[in-house]
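The sequence shown begins at 28 in the working numbering and counts up by one. Built from N, CA and C at the ideal position, the CB exists for glycine as well.
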Amino acid sequence: RPMDLGTVKKRYANNEYQTPQGMRDDILLTFGNAIHYNSRGNQVYKRAVELQDMFTSRYELLLKAAMASEISTPDAPPSFKRIGKRHSIPK
């Protein structure tokens, strides 16, 4: 199905994601589509592979940090709010 990062951003801003995994799935779908619909030698394909790998490794770090933290917020699952609002992406 079609997906792009603009849609992910809009859904996040509108609190449409119930879990971090839902947002992760849409982001990975974006990269997967770019990989699927472009040939291996294409720059879009190459960048999508790089970004997918980078996102996956950083997402796992953020999720672990969120689970280890005891911060909570009332209107969303605690680990999701921490990932989206309080933690920066490690370099």
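- Between the region 36-53 and the region 62-69 there are fewer than three inter-stretch CB-CB distances shorter than 8 Å, so the stretches are not counted as touching.
- In the structure shown, Gln70 adopts helical secondary structure according to DSSP, grouped into three states.
- With distances taken between CA atoms, Leu78 lies nearest to Arg51 out of Met94, Arg51, Ala92, Ala93.
- About 16 Å separates the CB atoms of Met81 and Asp53; that is not less than 8 Å, and the two are not in contact.
- Gly68 and Phe58 have their C-alpha atoms spaced approximately 16 Å apart.
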